[in-house]
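This note's numbering puts the sequence shown at residues 75 to 379. Beta carbons: idealized from backbone N, C-alpha and C, even for Gly. Quantities reported herein were computed from a predicted structural model and do not represent experimental measurements. First comes the structure, then the notes that go with it.
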Amino acid sequence: MSNYLYSDFVFLTAVCKKKNQKLSDIFTAASSALQFPLTKSQLLHALDILRAGGYISFNGNTAVAELLISATEKGYNATRTGFFAMLSSRARAAELLKLEQAFCLNTETADSSDVSITDDEYVAINRRLYADYSVSVPFVEAFLRDGMLAFSFRSSGCGYSPMGSGDSELTADDDDEIPKDSLDVVCNGEKYADGLLAATADFLLVSSKVRKFALEDNGGVYLFSLSYVKDGARLTAAKILYNKQRFIGKRDSALDYAQCGENILDITITPALLSSAVLRAYSSVPSILTENMLNMMTDLRAAGV
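Right, dumping it as structure tokens:
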């Protein structure tokens, strides 16, 4: 299975734009290309695996905003486009996508260098991005909590500030402060971890019919639905009230008869931001990614939604 992610390639592409760039500038370029800020996990993964693979070089194992990073010859070769890429932005994008796909199929292994970063430095690295760009709040983030996969779903108007914005960040422990259109789910197991990714891929790439999936949390089982509305893609979630064991891990029509309470999550987002946010969430937890999940991520990237 590949060690490399699409976010690693986008980061490498940003490194290759100039020699000896500051990390904060590279982060800004890569994040703006991906429509959301690179998560702390994505950033550390890119720094670690790209240096270990011989694509970039920098000094030390601690990431700071002023850290100078250079691409190696191998790095430049991995992102080098041909003549036709100079003719139009569309041709360049198509060529970069082919290079990205080839890069992510690379199965070479290298020793990890265990790069680290403090929360304060991560905020500092984000500073230019938040100053110069209009940054959307990602409707979903994924991370590991006590070794288990966790999702945080947030509406754009709930007052949530992503890590790196410099503002306070709500967590699952702040239950009294989290408004209605928010939900935290800590999955009991990784067996059904691909539910959100699979539903998104089917919804955007296969058929526009309603897609449903269920996630189990210690607090219950939640039914999620993806559907098209006038303003884009609508994601709702409600708690299953009865026979919840019957619906754990189920998808689509198998969930049509689940009896639920009122929606505790109701978010509408453009299809492009839906895809970008879901890809961002899953690439932030690379340890749980299976070959099938990586294939779905590749398909979403290739579709350009």
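Asn200 burial status per 10 Å Cβ neighbour count (16 or more: buried): By one-based count along the sequence shown, residue 200 stands at place 126. With 16 or more Cβ atoms within 10 Å of its Cβ, Asn200 is classed as buried.
Range covered by the beta strand (DSSP E) that runs through Ala311: Within the sequence shown, the letter at position 237 stands for residue 311. Per DSSP, Ala311 belongs to the beta strand (DSSP E) from Gly306 to Ile314.
Rounding to the nearest angstrom, what Cα-Cα distance links Asp291 and Ser186 in this structure? Looking up residue 291 in the sequence shown gives position 217. Looking up residue 186 in the sequence shown gives position 112. If you draw a straight line from the Cα of Asp291 to the Cα of Ser186, it is about 33 Å long.
Val284 to Phe321, Cα distance in whole Å? Here residue 284 is taken as the residue at index 210 of the sequence shown, counted from 1. Here residue 321 is taken as the residue at index 247 of the sequence shown, counted from 1. Straight-line Cα distance between these residues: approximately 17 Å.
Would you kindly work out how many angstroms separate the C-alpha atoms of Cys334 and Gly323, rounded to a whole number? In the sequence shown, residue 334 corresponds to position 260, counting from 1. In the sequence shown, residue 323 corresponds to position 249, counting from 1. When rounded, the separation of the alpha-carbon atoms in Cys334 and Gly323 is 16 Å.
In whole angstroms, what separates the C-alpha of Asp122 from that of Leu223? Residue numbering aside, residue 122 sits at position 48 when the sequence shown is read from its first letter. Residue numbering aside, residue 223 sits at position 149 when the sequence shown is read from its first letter. Whole-angstrom Cα-Cα distance: 22 Å.
Could you tell me which of Val295, Thr372 and Leu171 sits nearest to Leu279, measuring between CA atoms? The residue given as residue 279 occupies position 205 in the sequence shown. Comparing Cα-Cα distances from Leu279 to each of Val295, Thr372 and Leu171, the minimum goes to Thr372.
Quick one: complete alpha helix (DSSP H) runs, 4+ long, within the region 164-216? If we require 4 residues or more, the alpha helix (DSSP H) runs fully inside the region 164-216 come out as 193-206.
If we cut at 8 Å on Cβ distances, does Leu141 have a partner in chain C? No chain C is part of this structure, which consists of one protein chain only.
Local conformation of Pro253 per DSSP, three classes: Counting from one through the sequence shown, the residue named residue 253 turns up at place 179. At Pro253, the pLDDT of 44 sits below 50, so the modelled position is not reliable and the matter cannot be decided from this model.
Would Thr344 pass as a contact of Gly294 if the rule is Cβ separation under 8 Å? For this step, residue 344 is matched to residue 270 along the sequence shown. For this step, residue 294 is matched to residue 220 along the sequence shown. No, they are not a contact pair.
Work out the CA separation of Asp276 and Leu399 for me, nearest whole Å. The chain is shown from 75 up to 379; residue 399 falls before or after that span and cannot be answered.
Only counting the same chain, and skipping five residues up and downstream in sequence, which positions put a Cβ closer than 7 Å to that of Val352? Sequence index remark: in the sequence shown, residue 352 carries index 278 (1-based). Closer than 7 Å at Cβ, skipping near neighbours: Val214, Leu270, Leu271 and Thr274.
Taking the beta carbon of Tyr26 as the centre, do at least 16 other beta carbons fall within 10 Å, making it buried, or is it exposed? Since the first residue of the chain shown is 75 and the last is 379, residue 26 is not available in this structure.
On the three-state DSSP scale, how would you describe Asp53? Residue numbering for the chain in the displayed model covers 75 to 379; residue 53 lies beyond these limits and cannot be assessed.
Going by beta carbon distance, what residues of the same chain come within less than 6 Å of Ala377, once the five residues before and after it are set aside? Counting from 1 along the sequence shown, the entry for residue 377 is found at position 303. So the qualifying residues of the chain are Leu279.
Only counting the same chain, and skipping five residues up and downstream in sequence, which positions put a Cβ closer than 7 Å to that of Arg219? As a position in the sequence shown, residue 219 is number 145, starting the count at 1. The residues are Val260.
Might you give, ordered along the chain, the residues of its own chain that have their beta carbon closer than 8 Å to the beta carbon of Asn337, omitting 5 neighbours on each side? What you label residue 337 is simply residue 263 of the sequence shown in a count that begins at 1. Take Asn337, set aside five residues on each side of it, and the residues of its chain with a beta-carbon closer than 8 Å to its own are Thr310, Ala311 and Ala312, in chain order.
Return the residue from the list Gln319, Tyr316 and Arg325 that minimises the CA-CA distance to Phe287. One-based indexing of the sequence shown puts residue 287 at position 213. Among Gln319, Tyr316 and Arg325, the Cα nearest to that of Phe287 belongs to Arg325.
If you follow the beta strand (DSSP E) that Lys286 is part of, which residue opens it and which one closes it? Taking the sequence shown and counting its residues from 1, one reaches residue 286 at position 212. Under the DSSP assignment, Lys286 falls in the beta strand (DSSP E) whose first and last residues are Arg285 to Asp291.
Per DSSP, Asn369 is paired with what? Working through the sequence shown from its first residue, we reach residue 369 at position 295. DSSP, once it has assigned bridges, lists no residue as partnering Asn369.
Starting from Phe110, trace the alpha helix (DSSP H) both ways and give me its first and last residue. The sequence position of residue 110 within the sequence shown is 36, counting from 1. No alpha helix (DSSP H) contains Phe110, which DSSP labels as neither H nor E.
Ends of the alpha helix (DSSP H) at Ile123? Start at 1 with the first residue of the sequence shown, and residue 123 comes out as number 49. Unbroken alpha helix (DSSP H) run through Ile123: Lys114 to Ala126.
Look at the alpha carbon of Leu86 and the alpha carbon of Asp330, and state the distance between them as a whole number of angstroms. Working through the sequence shown from its first residue, we reach residue 86 at position 12. Working through the sequence shown from its first residue, we reach residue 330 at position 256. Rounded to the nearest angstrom, the gap between the Cα atoms of Leu86 and Asp330 is 44 Å.
Which whole-angstrom value is the C-beta distance of Ser361 and Gln116, which I expect to be below 8 Å? For the purposes of this step, residue 361 is taken as the residue at position 287 of the sequence shown. For the purposes of this step, residue 116 is taken as the residue at position 42 of the sequence shown. Going by Cβ atoms, the distance from Ser361 to Gln116 rounds to 13 Å, so no, they are not a contact pair.
Nearest-angstrom Cα separation, counted from Arg308 out to Leu348: In the sequence shown, the residue the question calls residue 348 occupies position 274. In the sequence shown, the residue the question calls residue 308 occupies position 234. Counting only the Cα atoms, Arg308 lies some 9 Å from Leu348.
Would you mind stating whether Ser210 and Phe110 have Cβ atoms separated by less than 8 Å? The sequence position of residue 210 within the sequence shown is 136, counting from 1. The sequence position of residue 110 within the sequence shown is 36, counting from 1. Closer than 8 Å, so yes.
Going along the chain, which residues of its own chain have a beta-carbon closer than 8 Å to the beta-carbon of Arg125, five neighbours each way excluded? Residue 125 sits at position 51 when you count from the first residue of the sequence shown. Around Arg125, the same chain offers Ser131, Phe132, Ser187 and Val189 as residues with beta carbons nearer than 8 Å, after the five sequence neighbours per side are excluded.
Pull up the distance between the alpha-carbon of Leu97 and that of Tyr150, whole angstroms please. Within the sequence shown, numbered from 1, the residue matching residue 97 stands at position 23. Within the sequence shown, numbered from 1, the residue matching residue 150 stands at position 76. Computed Cα separation, rounded: 17 Å.
C-beta contact flag for Leu173 and Ala152 at 8 Å: Taking the sequence shown and counting its residues from 1, the one referred to as residue 173 is at position 99. Taking the sequence shown and counting its residues from 1, the one referred to as residue 152 is at position 78. Yes, the pair counts as a contact, with Cβ atoms nearer than the cut-off.
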